[in-house]
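Under numbering that gives the first Met the number 0, the first residue of the sequence shown carries the number 0, and numbering increases by one thereafter.
Built from N, CA and C at the ideal position, the CB exists for glycine as well.
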Amino acid sequence: MKAQAHEQTAAQRRRQSMLAVQVGLAANTLLAVLKAVVGVIGNSPALLADGINSTSDVAYGIVVSIFVRLSAKPADREHPYGHDQLESVAAVVVGAFVISTAIAIFWHSVDSVYQLLTSRESSEGASLTALGIALFAILLKTALCLWTYAQSRSTANSAVLALAQDHRNDIFASSAAAVGILFGRWGFPWVDPLAGAVVSIIILHTGVEILRSATDDLMDTLPGRELAEEIRTALDDVDGIKAIEQVHAHRFGPYLMINLTIGVDGNISVAAGDGIATEVENTLLKRIEFLRRVYVHYHPMGGSPPTDN
């Protein structure tokens, strides 16, 4: 019964994750076309740069959708713990795309500022249509960001969380484009690309944070204090544990595998020690969400010294 409930939860989680990826991909495709076309026709470097950002979003959205689908594959001989870590790999892909996009936007924006300051030609600024597209993008991305964050909390999917963070970046980017377009129409065309350069720095910071979080999962970073405390609290009611000496956790997508070392009374039998270890496993599997496997090593503590014959 518990295994069936677990499978239903996992299937629901996969559906939610794929929905978040597909909705984001559709929105980014629409915005990429609108921003790029209007950015060129409407004479807005900031909106065009934002369009480049959305185009890269489409590219890595396709990659992420592939990785999220592959992560649903069941365990096999070569991958006994399943393929859930592909979600963290997908998050690394998102982080890498975000960083490369930030660098491209910064370079384009700085070059545009230089061209405007050294050129003797006057600029009339961007069109009202460009401003309207930027405002539309802000509204759409705000709604999408809030919804995707909710999906990431529900699914505990690092790839979906990375997408939500990128949607948040897009709000900043489109806001900067709107501000730049407005100032450009007021006679300050250099503000348009300069705003893009400022936002690219914010985007770069987010990309680094996405990479850091995803690589922590892939490199088996030790569990945080909250998880360690949750484990110790869950085992307070288990009789026979003298000490909890080591707690190591490995993350596979949203799931955890825990290696635990406990001390037991040295005078009890091996069978009694095995019974305590089994109770520890069952208790943690019941109490800790997304825990897939528990391995318990026990050794004697405080036993009576051997007697001489």
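Non-local beta-carbon contacts of T154 in its own chain, meaning distances under 6 Å to residues more than five positions away in sequence, involve R12, Q15, S16 in chain order. Cβ contact annotation for A172 (same chain, cutoff 6 Å, sequence separation greater than five): D49, N52, V198, in chain order. L162 carries a helical assignment under DSSP once its states are collapsed to helix, strand and coil. The alpha carbon of D236 has as its nearest neighbour, out of R286, V92, G38, A142, the alpha carbon of R286. Rounded to whole angstroms, the separation of the alpha carbons of A248 and P192 is 46 Å.
When DSSP states are grouped into helix, strand and coil, I65 belongs to the helix group. A straight line joining the alpha-carbon of L29 with that of G60 spans about 13 Å. The residue among I201, L226, T282, I202 with its C-alpha nearest the C-alpha of L255 is L226. Under the three-state reduction of DSSP, D238 is assigned to coil, being neither helix nor strand. When rounded, the separation of the alpha-carbon atoms in G94 and N258 is 30 Å.
Rounded to the nearest angstrom, the Cβ distance from T141 to A19 is 16 Å, too far for a contact under 8 Å. Judged by DSSP in its simplified three-state form, G265 adopts coil rather than helix or strand.
Y294 is positioned such that its CB atom lies no closer than 7 Å to that of G272. Distance check between V39 and each of V263, I180, V97 places I180 closest, using alpha-carbon atoms only. Here P299 is bridged, per DSSP, to V263. In the DSSP assignment, S151 falls within the unbroken alpha helix (DSSP H) covering 127-154. If you draw a 10 Å sphere on the C-beta of T117, you find fewer than 16 other C-beta atoms in it, and that means exposed. Beta-bridge analysis with DSSP links Q15 to no other residue.
Short of 7 Å from the beta carbon of V57, and not among the five residues preceding or following it, lie these beta carbons of its own chain, in chain order: L24, N27, T28, A31. For I257, the beta-bridge partners assigned by DSSP are A248, V293. The Cβ atoms of L46 and A149 lie no closer than 7 Å to each other. Annotated as distal: A233 and T277, with beta-carbon spacing of 7 Å or more. Nearest C-alpha to H204 among D165, G186, A175: D165. Going by beta carbons, A101 and I170 fall outside the 7 Å limit. Sorting G131, A129, V159, L130 by C-alpha distance to the C-alpha of L143 places V159 at the top. Across the set G239, D238, E229, the C-alpha of E229 shows the shortest separation from the C-alpha of V246. Within the DSSP bridge table, the entry for I243 names I261 as partners.
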